[in-house]
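Taking it in order: structure first as structure tokens, then the write-up.
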Amino acid sequence: MRKLILYIASSLDGYIAKPNDDLSFLNLVQKEGEDYGYNDFVGTVDTVIIGRKTYEWVIGQGYDFPHADKESYIITRQERPKEGNLTFYTGSLKQLVTDLKKKAGKNIFCDGGSEIVHLLLKEKLIDELILSVIPILVGDGTPLFKTGRPEQLLELKESKRFESGRVQLHYHMKG
């Protein structure tokens with residue numbers, strides 16, 4: 015069965031962005047030629063789920079959507095026509111994930127943002143979590159984990175320490 019995997023980075027104090035959607039702190043650990051296993055990970059997925067705000071932030075930076083080659087679902091409240099592999103999805107996130115997990119294929123990648131992560135955690139739909147911790151306390155911004163979700167136990171599958179100070183934690187969600 016396919017797994018839904020959250021692959022994301024945050025500051026040590028749990029923020030995925032500083033105020034005003036500032037992601038500059040991620041550059042602290044960028045090292046020429048080091049992708050921290052990202053390309054290997056992306057090779058294990060064929061479907062992407064991403065929130066509208068995160069999608070629009072990427073596009074707003076002047077980038078093409080990096081997962082346009084994969085079946086991608088942009089979770090939104092506003093109906094929009096499909097664009098290539100991009101589906102602007104307005105239905106039940108739980109139903110979408112349940113249906114996707116039943117289909118044959120590679121794993122499903124949740125690429126954020128915090129609203130989508132929160133909804134997925136509330137419904138206990140995330141199977142694995144790969145979290146890169148950036149060695150900075152940013153103090154304020156967009157928290158990765160919001161309150162108001164059920165407690166969930168995790169089992170550590172792997173941890174990696176990188177020369178840049180980045181630590182990558184790979185967890186399996188229990189129960």
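By our numbering, the letter at position 90 of the sequence shown is numbered 104, and the numbering carries on one by one without gaps. The beta-carbon is built from N, C-alpha and C at its ideal position, and this holds for glycine as well.
About 6 Å separates the beta carbon of K120 from that of T58, a gap short enough to meet the 8 Å contact definition. When secondary structure is reduced to three states using DSSP, T58 falls in the coil class, being assigned neither helix nor strand.
For E172, the enclosing beta strand (DSSP E) starts and ends at 167 to 175. For the 8 Å CB-CB criterion, F102 and I88 form a contact. For Y69, the enclosing alpha helix (DSSP H) covers residues 66 to 74. Checking the DSSP bridge columns, you'll see S25 partnered with I148.
Only residues of its own chain outside the window of five on either side were considered, and among them Q182 have a CB closer than 6 Å to the CB of K174, listed in chain order.
Between the alpha carbons of G74 and G47 lies a distance of about 25 Å.
Secondary structure at F39: helix, using DSSP grouped into helix, strand and coil. Here K67 has G127 as same chain residues with Cβ atoms under 6 Å from its own Cβ, once five neighbours each way along the sequence are excluded.
Within the region 81 to 129, the complete beta strand (DSSP E) runs of at least 3 residues fall at 85 to 89, 100 to 103, 121 to 124.
Annotated three-state conformation of P157 is strand, per DSSP. In the structure shown, the three-state DSSP call for Y77 is coil. In this structure, the alpha-carbon of E85 lies about 10 Å from that of L114. Rounded to whole angstroms, L145 and P95 show a C-alpha spacing of 32 Å. For M15, there is no enclosing beta strand (DSSP E), as DSSP gives it neither H nor E. Taking Y50 as the centre and dropping the five residues before and after it, the same chain places the C-beta of S146, F176, R180, Q182 closer than 7 Å to its C-beta, in chain order. By the beta-carbon neighbour count (other beta carbons within 10 angstroms, threshold 16), M187 is buried.
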